[in-house]
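K.L.:
If you read the sequence shown in our numbering, its first letter stands for residue 9, the second for the next number, and so on.
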Amino acid sequence: MFELKKYINNIEFFSKNELQSSNLVHIALAFDDKYAMPAGVTITSVIENNDSLHFCFHLLVDNVSIANIAKLKELVQYNVSIKIYYLNANFDINPDTLVLGYLSAVSCVRFILPALLHSQVKKFLYLDSDILCLKSISELYNTDISNYVAGVIPDDKPMQNEIKTLYSIDAEKYFNSGVLLINTEKWMENDLTNKCIKKVNDGNIYRFADQDVLNILLENKTILLPIKYNTKIHITIPCSEEKKIAKYTVLLHYVTGYKPWYQTFDSQLFKKYYQLSPWKNLERPLALKKSWLRNYAKYCFKEKHYMSAIKFYYLYLLRKVN
């Protein structure tokens, strides 16, 4: 049995109207302070492309600053309510299994979301905080998953091929955990929150942490959904890859450690929704690595943006000597 008080310190609910629960689209995200702004942009993109829908966003947050909580509250409007769940220090993940440098323990917090929400909703849509919504999610949310624990989107072939060498599961059904349409009743029937937490902490090293654990435990319990609901993109500095995505893409997922919210990536899509978000008047993070500053300076010089090239090369030198 899942103990709510074991992991959650406090819950706050913000709404401007009495929204009818039967008509609500429930979406959940989980993040720490580093991902608070990206999560806010994800939410903004959903709102902007679904003005006919009414939402309740369930946000499971870990050490998010007062300033970012205030920005998240600004997202509330006539058709948008927000419920914030404050994670405490009891949620602990074996750090050895977080082998990818850009993963943190918060990536596994999604394990407890269905247990948090099952008394409120029969299903909800989980989204990673490095996703942009480009079209309506109505069709996705209305997918019938009554006979499954979750609706999932298969990962790319290179990932599936890698998984074949790691686990004894059907690699062709291996899914990306960034988008999950979850049936809370089936989840609880299978006691999956407790099983996930136990497995990720069992001493084994899982290459993709939460994603691998979910794939192992949910084998034969999911329905595969179209790739348009989780289109993966690997960006480079110019972000020219954004121009090549299929027009039918509904949810665009920026996989790998290169993220579009850093100033060293020229993402026009992210900038669009950033400017519509409550963070629009704040500077985006500069760079995760100093090499990104040098590479972006070279890119700016090539594009004849000489002042920017000088600025970012200077910033690179500053980080190099410090």
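The C-beta atom is built at its ideal place from N, Cα and C for all residues, glycine as well.
Taking the alpha carbon of residue 17 as the point to measure from, which residue in 32, 44, 55 and 93 has its own alpha carbon closest?
P.N.:
Along the sequence shown, one-based indexing puts residue 17 at 9. Nearest of 32, 44, 55 and 93 to residue 17, Cα basis: 93.
K.L.:
In whole angstroms, what separates the C-alpha of residue 222 from that of residue 115?
P.N.:
Along the sequence shown, one-based indexing puts residue 222 at 214. Along the sequence shown, one-based indexing puts residue 115 at 107. Roughly 12 Å between the two C-alpha positions.
K.L.:
Does residue 21 pass the burial test, meaning 16 or more other C-beta atoms within 10 Å, or should it be called exposed?
P.N.:
Your numbering for residue 21 matches position 13 in the sequence shown. Exposed, by the Cβ-count rule.
K.L.:
What does a CB cutoff of less than 7 Å around residue 324 pick up in its chain, not counting 5 residues either side in sequence?
P.N.:
Looking up residue 324 in the sequence shown gives position 316. Excluding sequence neighbours, residue 324 sits near 298, 301, 302 and 305.
K.L.:
Going by DSSP in three states, residue 110 sits in which element: helix, strand or coil?
P.N.:
If you number the sequence shown from 1, residue 110 lands on position 102. In this prediction, residue 110 has a pLDDT of 47, which is less than 50 and means its spatial position is unreliable; nothing more can be read from the coordinates.
K.L.:
Figure out for me which residue from 52, 49, 118 and 312 has the closest Cα to the Cα of residue 70.
P.N.:
By one-based count along the sequence shown, residue 70 stands at place 62. Selected option, being the one with the closest Cα: 118.
K.L.:
Would you kindly check if the distance between the Cβ of residue 272 and the Cβ of residue 142 is under 7 Å?
P.N.:
Sequence index remark: in the sequence shown, residue 142 carries index 134 (1-based). Sequence index remark: in the sequence shown, residue 272 carries index 264 (1-based). No, these two residues do not count as a Cβ contact at 7 Å.
K.L.:
Below 8 Å on the Cβ atoms is my contact criterion, and I expect residue 243 with residue 260 to pass it. Report the Cβ-Cβ distance as a whole number of Å.
P.N.:
As a working note, residue 243 is residue 235 in the sequence shown. As a working note, residue 260 is residue 252 in the sequence shown. Not quite, the Cβ-Cβ distance comes to about 10 Å (not below 8 Å), so this is no contact.
K.L.:
Would you mind working out which of 284, 268, 311 and 160 sits nearest residue 234, comparing C-alpha positions?
P.N.:
Here the question's residue 234 lines up with position 226 in the sequence shown. If we check each option's Cα against that of residue 234, 160 comes out closest.
K.L.:
Once the 5 residues before and after residue 63 are set aside, which same chain residues still bring their CB inside 8 Å of it?
P.N.:
Residue mapping note: residue 63 aligns to position 55 of the sequence shown, counting from 1. Hits under 8 Å: 32, 33, 34, 35, 54, 55, 87, 88 and 89.
K.L.:
Please report the residue range of the beta strand (DSSP E) in which residue 90 lies.
P.N.:
As a first step, residue 90 must be located in the sequence shown, where it is residue number 82. Here the beta strand (DSSP E) through residue 90 covers 88 to 95.
K.L.:
For the stretch 34 to 50 against the stretch 130 to 141, are there 3 or more C-beta pairs whose distance is under 8 Å?
P.N.:
Touching, yes.
K.L.:
Take residue 164 and list the residues in its own chain whose beta-carbon comes closer than 7 Å to its own, dropping the five residues that flank it on each side.
P.N.:
The residue given as residue 164 occupies position 156 in the sequence shown. Hits under 7 Å: 240.
K.L.:
Should residue 49 and residue 321 be called a contact, given that it needs their Cβ atoms to be closer than 7 Å?
P.N.:
Reading the sequence shown from its first residue, position 41 is the one you call residue 49. Reading the sequence shown from its first residue, position 313 is the one you call residue 321. No, the pair does not count as a contact, with Cβ atoms beyond the cut-off.
K.L.:
Any idea which residues DSSP pairs residue 63 with across the strands?
P.N.:
Here residue 63 refers to the residue found at position 55 of the sequence shown. DSSP lists 33 and 88 as partners of residue 63.
K.L.:
For residue 110, collect the residues of the same chain with a Cβ closer than 6 Å to its Cβ; drop the 5 residues on either side in sequence, then sort them by chain order.
P.N.:
Within the sequence shown, residue 110 is the residue found at index 102, counting from 1. At residue 110, the pLDDT of 47 sits below 50, so the modelled position is not reliable; the number obtained from the coordinates is stated separately. Closer than 6 Å at Cβ, skipping near neighbours: 265.
K.L.:
When DSSP labels each residue in this structure, what does residue 257 get in the three-state scheme?
P.N.:
For the purposes of this step, residue 257 is taken as the residue at position 249 of the sequence shown. Three-state DSSP puts residue 257 in coil, outside helix and strand.
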